[in-house]
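In mature numbering (1 follows the signal peptide of the UniProt record, and there is no 0), the protein residues as written are -18 to -1, 1 to 112.
Even for Gly, the Cβ is constructed at its ideal location relative to N, Cα and C.
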Amino acid sequence: MLKFTLTLLVLAVVSVNCGKLYKDRYTTKFDKIDLDEALNNQRLFESYLKCLMGDKCSPDGYELREALPDALATACAKCSDAQKAGTEKVIRFLIEKRPKEYALLEKEYDPEGIYRDKYKPIAQEKGIKI
């Protein structure tokens, strides 16, 4: 009985620690998505935009909507390298090709301009004009 209890305790500790590791990073299951295709597909783009603006979401869109506030607040600290590169690509696309939609998202997620001020120098270094 003691051996079973000890094994159960070890499994519980491992499970808790694995859960913490998972929460320290966003899922990478979408890292290989073709962002150019997604951004240029009107139906898909509109679907994600509506989701981010509070409308109904696909499971993938919901995951993005849930992660976005944390990613903004923490400078994407839980992002993989692919997610950071993708974030830059999406922001550049929105600012250059879809400024109205960018303004909507900015109003929704940064109404006081806190993140705009925080990330403006970084964006300028990357050649993104905010």
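(message) So for tyrosine 4, helix, strand or coil by DSSP?
(response) Unreliable placement is indicated for tyrosine 4, whose pLDDT of 46 sits below 50; no coordinate value is reported for it.
(request) Please state whether DSSP places lysine 11 in a helix, a strand or coil. (result) coil
(message) Just to check my reading of the structure: threonine 9 and glutamate 45 have Cβ atoms closer than 8 Å, yes? What is that Cβ distance to the nearest angstrom?
(response) 7 Å
(request) Could you give the DSSP three-state label for arginine 80: helix, strand or coil? (result) coil
(message) Just to confirm before moving on: does the CB-CB distance between glutamate 83 and leucine 76 stay below 8 Å?
(response) yes
(message) If the criterion is Cβ atoms closer than 8 Å, does the pair leucine 50 and leucine 34 meet it?
(response) yes
(request) State yes or no: is the C-beta of phenylalanine 27 within less than 8 Å of the C-beta of leucine 21? (result) yes
(request) Alpha carbon to alpha carbon, how far is alanine 53 from glutamate 94? Give it in angstroms, no decimals. (result) 17 Å
(request) Could you check if glutamine 65 is buried or exposed, using at least 16 other CB atoms within 10 Å of its CB as the buried criterion? (result) buried
(request) Consult DSSP for glutamate 107 and reduce its assignment to one of helix, strand or coil. (result) helix
(message) Given this structure, state the Cα-to-Cα distance separating proline 103 from glycine 109, to the nearest angstrom.
(response) 10 Å
(request) Return helix, strand or coil for aspartate 92, following the three-state DSSP convention. (result) coil
(request) Please name the residue in Ser40, Val72, Lys38 whose C-alpha comes closest to that of aspartate 16. (result) Val72
(message) Is the beta carbon of arginine 25 closer than 8 Å to that of lysine 60?
(response) no
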